[in-house]
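Enquirer:
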Amino acid sequence: MRPETVIIVGAGPAGIRAAMVLAEHGIRPVVLDEAPMSGGQIFRRQPQGFTRSYAKLYGYEARRAEALHTAFDALGPRIDYRPGALVWNVEGRRLQVLRDGVNETLAFDRLLFATGAMDRVIPFPGWTTPGVYTLGGAQVALKHQACAIGRRVVFFGSSPLLPLVALQYAAAGVAVAGVFDTTPRRAKIAALPGVLAGGTTGLKGLSYLARLALKGIRYHHGITPVAAIGDRTVTGFAYLDAGGRQHETACDAVAFGYGIKSEWQLADLAGCRFAFDADTHQWRVETDAEGRSSVEGIYLAGDGARIAGADVAAETGERAARAILADTGGPDQGAALSTIARRLARHAGLRQAIDRAFPFPAHLAREIPDDCILCRCEAVRAGEFRAAIAALGPDEVNRAKAFSRVGMGRCQGRVCGPAAAEILATELGRPVSEAGRLRSQPPVKPIPIAAFQESKGDAA
Amino acid sequence: MTEPRFMRVGETSRPVIRLAIDGDPVEALAGDTLMTAILTRRGQLRMSEFGDGARAGFCLMGACQDCWVRLGDRRRLRACTTFAAEGMEVLTGAEEGIDAP
Amino acid sequence: MTGRLSLDVAIIGGGTAGCAAALHLARRGLSVALFERRTVGSQASGVNFGGVREQGRDFAELPLSRRSRRIWDELPALIGSDGEFMATGHLKLARDEDQMAVLEAFATGAADYGLAVERITGNRLRADYPWLGPKVIGATLCRSDGQANPRIVAPGFGQAARRAGAQVFEHEAVRHATRDAGGFRIETEAGRQVTAATLINVAGAWGATVAGWFGDAVPIAPRSPSMQVTEPLPYRVKVNVGVVGGDVYARQTPRGNVIFGGGQGWNDMATITSRAGETEVMAAMRRLTGILPWAGGAHVIRTWSGIEGFTPDDLPVLGSSVTTPGLLHAFGFSGHGFQLGPAVGEVLAELVLTGRSETPLAPFSIERFGGVLAASA
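Residue numbers (our numbering), protein chains in the order written: chain A, 1 to 460; chain B, 461 to 561; chain C, 562 to 938.
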């Protein structure tokens with residue numbers, strides 16, 4: 001039988017583990033990663049020339065990060081690793097890959113998407129003002145660039161990243177103006193047993209709160225964001241406390257977020273079927289128990305398949321790789337798959353507790369004021385979006401996009417999509433799962449026209 | 461001009477590189493992204509095309525597409541995922557009239 | 562929600578022409594329902610390039626196109642929205658002398674229809690359009706041509722039709738239609754049973770299928786023009802640009818995005834999906850920089866397509882059925898129906914109400930394809 005070409009897109013925990021398993025079994029996968037260095041987001045490596053230790057960079061996760069990086073580097077020639085590669089389209093059994101300004105068409109037989117996730121946000125007044133970033137973005141600045149997004153930073157939202165990033169900033173010597181959680185305290189308390197049952201991972205999460213307290217940083221519960229104040233730069237953060245009283249905290253930067261969302265645009269182009277996942281309150285690609293999508297030969301793993309964090313990502317990466325091995329006539333993977341399933345089962349309870357402790361506050365999206373920018377790419381305000389819905393009566397979010405330009409810009413609705421769907425669902429009087437899902441269109445990220453000028457073919 | 465947006469908190473002994481931002485010669489450090497090179501000097505990265513003010517990036521991981529800047533040769537680069545390089549001439553302002561043929 | 566409906570006019574297809582016909586007929590007091598398998602304007606009418614162009618058309622289309630152009634100016638009064646229509650002009654480019662001769666011939670012939678087309682060559686070409694690539698040697702300009710936002714035009718007509726009293730059913734494909742002594746009997750995929758005195762087939766790429774139910778034979782090819790758009794750029798190209806041969810065309814919106822297309826992508830009629838097609842996308846990017854080198858510094862942020870019916874002679878079918886009284890066809894606009902849609906709706910309404918149109922329709926007769934199918938059961 002002809003050896004199959006297996007391509008892995010993404011070199012984070014899921015993609016790396018999958019590559020390791022395939023390489024162990026004599027398959028040399030092509031590993032395409034958009035980043036210049038492997039590791040993914042949470043275990044992102046610092047650029048060459050930076051000298052901070054693993055302990056300093058990754059804290060509790062230092063050993064895990066180092067193990068991941070070491071294991072990937074040890075793969076060497078056993079994989080065909082291509083960093084800096086933007087996969088911008090899937091058509092049939094081909095990928096279009098842009099790398100170093102040169103486009104290449106890559107054919108595949110099996111394809112694993114380990115494309116990770118990005119921050120999920122809900123627009124609020126002032127969120128496009130210089131100085132407002134995502135929680136993940138604030139963390140990238142620190143870990144990848146040894147920079148803080150400001151000198152006195154407010155952190156808010158509903159996300160496991162919230163206490164973590166705030167603590168990392170405090171540890172780096174940056175003034176933390178306050179940590180503001182939109183989740184009411186009672187919801188946190190209700191989730192506590194699940195977190196405690198989650199073993200060391202759950203305890204680590206709780207320890208972030210304790211360490212913030214030790215540093216004298218107040219963790220507010222049940223707040224409602226009002227605005228990032230400031231014209232050309234952020235000067236403060238206005239919020240309502242749990243009792244509904246408005247306050248303002250002086251700061252020069254704000255980091256916020258409401259968990260993360262899967263980057264599934266390529267799987268969408270490949271024609272994979274989607275389902276709305278109520279636990280994480282977002283759309284995800286349907287897979288079977290071993291990561292197979294609805295499209296023959298296409299697999300998913302990691303946060304790109306379902307938000308569950310780095311540990312689970314690695315397990316699902318291995319699982320998908322073993323599914324690929326089984327599907328290509330390799331040895332039976334039953335025993336290994338059972339082991340993975342047992343390990344994943346142990347994570348499930350904690351994951352559910354985390355989803356409960358940091359729920360997505362959909363009501364904040366529904367309540368976005370009319371004059372607040374909803375789509376930052378196209379600078380369309382929430383009121384304009386609502387007016388387009390009223391005028392032309394779209395029945396799902398792609399129609400609303402066509403009528404309003406919300407989600408039509410450079411990011412293709414990655415940023416504003418969740419909030420836009422909530423607003424539309426409210427206007428339609430339906431649950432958000434019935435408001436539809438913004439479809440992806442090639443290219444999944446902007447591609448430079450200049451890169452396509454030198455190719456052979458019919459130059460104008 | 462607003463105060464620099466980013467504050468370095470370490471890793472400052474890297475080699476110095478030189479580039480120009482809107483014609484102003486500036487120093488950055490090897491390993492800086494264009495975003496870091498610009499925002500450790502300035503408060504903003506670019507102007508929104510639609511008149512709603514300045515932007516300074518948002519997600520820092522190549523997803524939100526809100527940090528595109530230009531080079532002198534008209535190339536457009538995403539500042540958060542592009543490393544600054546010696547001699548780059550970065551333009552952050554609004555693009556001007558018609559290019560000479 | 563299903564049930565029975567008894568109508569004066571049933572319309573199959575929710576493009577601009579169908580919605581406009583529904584609007585005019587409802588305003589005249591007829592009972593009208595329109596059935597659209599997806600949503601109004603979800604295929605050719607709604608996802609096209611957005612050119613509102615008379616220049617370069619087959620002369621047979623010019624009377625209809627001239628009529629439509631007048632309606633474009635009146636959209637706010639007609640549907641309550643201008644559809645973002647702007648008379649930006651359309652500049653058609655020649656890249657060699659033969660192409661220039663083609664342009665000149667059109668300009669001369671167009672004068673007979675009262676359409677003004679100017680020749681622009683030499684220094685004036687460079688002075689007026691400094692962004693043009695060096696391979697362009699001349700052009701003709703039709704100032705009254707323009708552009709509009711296709712995403713909102715057909716839906717705008719659809720909403721206006723609803724306000725006028727027409728029923729517009731979306732996500733409700735017609736499964737089959739027949740005619741007997743009592744008129745047309747139409748069954749939708751939702752199980753709705755409809756009777757109507759008149760049936761209008763404006764089903765675009767599906768038009769030949771509907772025609773086939775009544776034995777009218779039309780060879781239609783479903784094609785998917787390949788479209789793309791850049792990030793916003795400074796607003797410079799304030800005129801639509803096309804070329805002889807049509808292998809690339811471009812316009813810039815006042816927001817700055819350059820919308821361009823060329824060639825055909827692909828589609829799957831079974832699943833009703835279409836894509837711009839990566840091969841065509843990459844080829845069109847190369848052709849674009851041939852006419853607008855300046856755009857070479859930009860990024861493409863999105864590509865798309867839709868499904869449109871093309872006839873062998875690229876002219877639409879517009880008029881009465883050969884086989885079936887009371888059946889009207891308007892489809893096969895072959896990738897240039899956006900500008901025509903508003904007038905087609907008026908013409909269809911005229912045909913229903915008076916049996917004739919003030920616009921010459923002979924070139925669009927379905928009879929030119931000569932075939933009559935054995936009517937299917």
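From the three backbone atoms N, C-alpha and C, an ideal C-beta is built for every residue, glycine too. Just so you know, these numbers come straight off a predicted model, no measurement behind them.
State yes or no: is the beta carbon of M521(B) nearer than 9 Å to at least one beta carbon in chain C?
Expert: no
Enquirer: Tell me the rounded alpha-carbon separation between E471(B) and V174(A).
Expert: In this model, E471(B) and V174(A) are separated by some 15 Å (Cα to Cα).
Enquirer: Cβ closer than 8 Å: which chain C residues qualify as neighbours of E91(A)?
Expert: R836, G838, E839
Enquirer: With DSSP run on the structure shown, which of helix, strand or coil describes C372(A)?
Expert: coil
Enquirer: Counting only C-beta atoms, is R563(B) closer than 9 Å to chain A at any point?
Expert: Absent from the structure is residue 563(B), since the part of chain B shown begins at 461 and ends at 561.
Enquirer: Alpha carbon to alpha carbon, what distance is there between E679(C) and A668(C)?
Expert: 7 Å
Enquirer: Find the residues of chain C that neighbour Q441(A), judging by a C-beta separation of less than 8 Å, and give them in chain order.
Expert: R863, T864, W865
Enquirer: In chain B, which residues lie less than 8 Å from E378(A) when you measure between Cβ atoms?
Expert: F510
Enquirer: By the 10 Å Cβ neighbour count, where 16 or more other Cβ atoms means buried, how is M830(C) classified, buried or exposed?
Expert: That one is exposed.
Enquirer: Residues of chain B with CB closer than 7 Å to the CB of H860(C), please, in chain order.
Expert: R536
Enquirer: Between G776(C) and R736(C), what straight-line distance do the alpha-carbon atoms span, to the nearest angstrom?
Expert: 16 Å
Enquirer: I'd like the list of long-range same chain contacts for E34(A), defined as Cβ closer than 6 Å, with 5 residues on each side in sequence excluded.
Expert: L86
Enquirer: With DSSP collapsed to three states, give me the class of G304(A).
Expert: DSSP places G304(A) in the helix class (H, G or I) of the three-state scheme.
Enquirer: Excluding the 5 residues preceding and the 5 following L566(C) in the sequence, name in chain order all residues of the same chain whose CB lies nearer than 7 Å to its CB.
Expert: A594, R753, V755
Enquirer: Return the CA-CA distance between E384(A) and E841(C), expressed in angstroms with no decimal places.
Expert: 34 Å
Enquirer: In chain C, what lies closer than 7 Å to I447(A) by C-beta?
Expert: H860, V861
Enquirer: Using a Cβ-Cβ distance under 9 Å, would Q48(A) count as near chain B?
Expert: yes
Enquirer: From which residue to which residue does the alpha helix (DSSP H) around T580(C) run?
Expert: Checking the sequence shown, residue 580(C) turns out to be Cys, not Thr. Taken as a continuous stretch (DSSP letters only), the alpha helix (DSSP H) holding C580(C) covers 577-588.
Enquirer: Can you name the residues of chain B whose CB is closer than 9 Å to the CB of G817(C)?
Expert: Chain-ordered, the chain B residues with CB closer than 9 Å to the CB of G817(C) read E509, F510.
Enquirer: Candidates V254(A), T235(A), D327(A), Y299(A): which alpha carbon is nearest T462(B)'s?
Expert: T235(A)
Enquirer: Hey, S787(C) and A845(C) are a contact pair by Cβ (cut 8 Å); roughly how many whole angstroms apart?
Expert: 6 Å
Enquirer: I want to see whether chain C comes within less than 9 Å of A460(A), judged by CB atoms only; does it?
Expert: For A460(A), the pLDDT reaches just 39, beneath the cut-off of 50, and the residue's location in the model is therefore unreliable, although a value from the coordinates is still provided. Chain C contact via Cβ: present.
Enquirer: Does DSSP put A560(B) in a helix, in a strand, or in coil?
Expert: With a pLDDT of only 34 at A560(B), under the threshold of 50, the placement of this residue in the model should not be trusted; the figure read from the coordinates follows. In the three-state scheme derived from DSSP, where H, G and I count as helix and E and B as strand, A560(B) is classed as coil.
Enquirer: Return the CA-CA distance between D415(A) and A228(A), expressed in angstroms with no decimal places.
Expert: Note that residue 415(A) is Val in the sequence shown here, rather than Asp. Going by the C-alpha atoms only, they are around 18 Å apart.
Enquirer: Between the beta-carbon of N818(C) and the beta-carbon of S866(C), is there less than 9 Å?
Expert: no
Enquirer: In terms of residues, what are the limits of the alpha helix (DSSP H) holding D741(C)?
Expert: Run containing D741(C): none in the alpha helix (DSSP H); it sits in the beta strand (DSSP E), 735-741.
Enquirer: Going by DSSP in three states, V295(A) sits in which element: helix, strand or coil?
Expert: coil
Enquirer: If you scan the stretch 186-213 of chain A from start to end, which runs of the beta strand (DSSP E) of 3 or more residues do you find wholly inside it?
Expert: Counting only runs of 3 or more, we get nothing.
Enquirer: Exposed or buried, which one is L794(C) when buried takes at least 16 other CB atoms within 10 Å?
Expert: Within a 10 Å sphere around the beta-carbon of L794(C) sit 16 or more other beta-carbons, which makes this residue buried.
Enquirer: Does R506(B) get closer than 9 Å to chain C when you measure Cβ to Cβ?
Expert: no
Enquirer: Taking its Cβ as the centre, do 16 or more other Cβ atoms sit within 10 Å of L909(C), making it buried, or is it exposed?
Expert: buried
Enquirer: Expressed to the nearest angstrom, what Euclidean distance is found between the alpha-carbon atoms of G590(C) and E919(C)?
Expert: The straight-line gap from Cα to Cα measures roughly 21 Å.
Enquirer: Does the beta carbon of P793(C) come closer than 9 Å to any beta carbon on chain B?
Expert: yes
Enquirer: Please determine, among A715(C), S785(C), S592(C), G824(C), the residue with the shortest C-alpha to C-alpha distance to I833(C).
Expert: Among A715(C), S785(C), S592(C), G824(C), the Cα nearest to that of I833(C) belongs to S785(C).
Enquirer: Comparing the C-beta of M548(B) with each C-beta of chain C, is any distance below 9 Å?
Expert: no
Enquirer: Would you call the stretch 165-174 of chain A in contact with the stretch 239-249 of chain A, where contact means no fewer than 3 C-beta pairs closer than 8 Å?
Expert: no
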